[in-house]
Amino acid sequence: QLANSYQSLLSEFSSPEFHTVGNYALGRLIGKGSFGKVYLASHKLTNGSKVVLKSAKKDDANLAREIHHHRQFSHPHIARLHEVIVTETLVWLVLEYCPGDELYNHIHKNGRMEVGKAQKVFTQLVGAVNYVHAKGCVHRDLKLENILLDKNENVKLVDFGFTREYKGSTSYLQTWCGTVCYSAPEMLKGEKYAGEKVDVWSLGIILYALLCGELPYDEDDESDTKNKILKEEPKYPDHMPEQAKDLIKKLLSKRPLLRPSLGDILRDPFLYDHAPQQQEILKLQQPPPFTTQLEKDVLQRMKSAGVNIDTVIENVLSQRCDSLAG
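Under the UniProt record's numbering, the residue at position 144 of the sequence shown is numbered 144, and the numbers go up by one with no gaps.
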């Protein structure tokens, strides 16, 4: 009987379904890339609340920067970073789960968006990027793959691996990063660039893709894509509204100084119906932690379960992103 028990345990441990990281049970693999793998997971202590676990190698040069910036962002259209778990070989980021897929897959499956939906999605994205800029940072990797949709098809911006601090119009960056078909001309030419202006260019590429179902610059050969970005204007289909075309032309100006600011974009006529909500979100002051009744109730339940809530409060306030804060 003891031998059978041992064998049963060994079978369970070696099962592909048996995989735990911290307080999370890993589910199916939902993505992978050069950075590592992404899994759907569930929290074992909170009735199986769904999250996403993203693995990264400890020597990933962008990892510390990604965690440093992402944990400071609190905005309805930025996916939350709940927790960071360090194992012997990997670092795991525990992220908010968004069941609505990434925008790239959404457009690949469904084609271009209806204009009203594209206006809503794009305005939410602009609000999120505006928030990042207001925090003194630039994203530098805005693309359809880094924009998720939640269950209500609201935007959640992710992936802050190329995010950098940015000191405004007098501060210039030089490192090329991101994806060629979303890259601004000045970045492709190897010039020093204003970080906020390359984000604005990428927003123009994304808006075009939402309304057309394809990228404006996306050749089979990467050098052809670069050449078109540097020398050609996008082709605008007849079905595109004139106001949308006017906005995209501003966003995709070859001259960075002619591109609008994020505030100017939110004031554009094409986004008139959805911009006020984003402008109000940007004005909101984040309430101090543990001041809402829900948070107080959660703390009381944790205390009843034997958790040291003083440590919980300290860890949340210091943005430690550990198992207690998560």
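For every residue, glycine included, the Cβ atom is placed at its ideal position computed from N, Cα and C.
On a predicted model such as this, the values are computed, not experimentally measured, just so you know.
Measuring CA to CA, which of the options is closest to residue i?
i	options	result
Ile30	Asp101, Lys250, Val158	Asp101
Asp216	Glu233, Arg80, Asn47	According to the sequence displayed, residue 216 carries Pro and not Asp. The shortest C-alpha separation from Pro216 is found at Glu233.
Thr89	Asp60, His68, Thr175	Asp60
Ala134	Gln72, Pro276, Trp92	Gln72
residue 328	Cys98, Leu157, Lys143	The structure shown does not extend to residue 328, since the chain is modelled only from 1 through 326, so no value can be given for it.
Leu258	Val132, Lys197, Tyr104	Lys197
Ala275	Gln293, Gln119, Lys296	Gln119
Asn105	Lys143, Gly168, Lys117	Lys143
Gln278	Gly136, Pro260, Phe122	Phe122
Ile147	Val138, Pro256, Leu103	Leu103
Thr46	Tyr24, Arg28, Asp221	Tyr24
Ile107	His239, Glu145, Glu83	Glu145
Pro256	Val132, Lys189, His75, Pro99	Lys189
Lys32	Gly48, Lys57, Ser49	Lys57
Val214	Gly111, Asp297, Asp273	Here residue 214 turns out to be Glu, not Val, going by the sequence shown. Per the Cα distances, Gly111.
Tyr272	Lys109, Leu81, Val115	Val115
How is residue i classed by DSSP in three states: helix, strand or coil?
i	result
Glu96	strand
Val307	coil
Glu145	helix
Thr175	coil
Ser55	strand
Thr123	helix
His133	helix
Tyr24	strand
Lys32	strand
Val158	coil
Lys50	strand
His75	coil
Leu40	strand
His68	helix
Leu45	coil
Excluding the 5 residues preceding and the 5 following residue i in the sequence, name in chain order all residues of the same chain whose CB lies nearer than 8 angstroms to its CB.
i	result
Thr20	Leu26, Lys44
Tyr236	Lys245, Ile248
Arg28	Tyr39, Leu40
Counting only the same chain and skipping the five closest in sequence on each side, list residues whose C-beta sits under 7 angstroms from that of residue i.
i	result
Asp218	Cys181, Thr225
Cys137	His69, Thr163, Arg164, Glu165, Tyr166
Output needed for residue i: all residues of its chain with C-beta closer than 6 angstroms, excluding positions within five of it in sequence on either side, in chain order.
i	result
Phe270	Gln243, Ala244, Leu247
Phe160	Glu66, His69, His70
Cys177	Arg140, Phe162
Val51	Ala41, Val94, Tyr97
Trp92	Val21, Leu53, Ser55, Ile85
Val307	none
Val200	Leu251, Arg259
Met240	Leu211
Gly48	Ser42
- prompt: Does the region 209-217 touch the region 275-285, meaning 3 or more C-beta pairs lie closer than 8 angstroms?
  reply: The region 275-285 vs the region 209-217: no contact.
query: Can you give, in chain order, each stretch of the alpha helix (DSSP H) that sits fully within the region 218-245 and has at least 4 residues?
result: Every alpha helix (DSSP H) of 4 residues or more that sits fully in the region 218-245 is shown, in chain order, as 222-231.
- request: Check whether the region 114-128 touches the region 175-189, taking contact to mean three or more Cβ pairs, one atom from each stretch, closer than 8 angstroms.
  value: The answer is no - the region 175-189 does not touch the region 114-128, with fewer than three Cβ pairs under 8 angstroms.
query: Is there contact between the region 260-278 and the region 216-232, where contact requires at least three CB pairs shorter than 8 angstroms?
result: With fewer than three CB-CB distances shorter than 8 angstroms, the region 260-278 does not count as touching the region 216-232.
query: Is it true that the region 140-158 meets the region 35-43, where meeting means three or more beta-carbon pairs spaced less than 8 angstroms apart?
result: Not touching, per the Cβ criterion.
- prompt: Is there contact here, the region 193-201 with the region 162-175, by at least three beta-carbon pairs under 8 angstroms?
  reply: Touching, yes.
query: Touch check for the region 249-258 and the region 200-207: three-plus C-beta pairs under 8 angstroms?
result: With a cut-off of 8 angstroms, the region 200-207 and the region 249-258 count as touching, because enough Cβ pairs lie within range.
- prompt: Along the chain, which unbroken stretches of the alpha helix (DSSP H) at least 4 residues long are found entirely within the region 244-277?
  reply: Segments of the alpha helix (DSSP H) lying fully in the region 244-277: 262-266.
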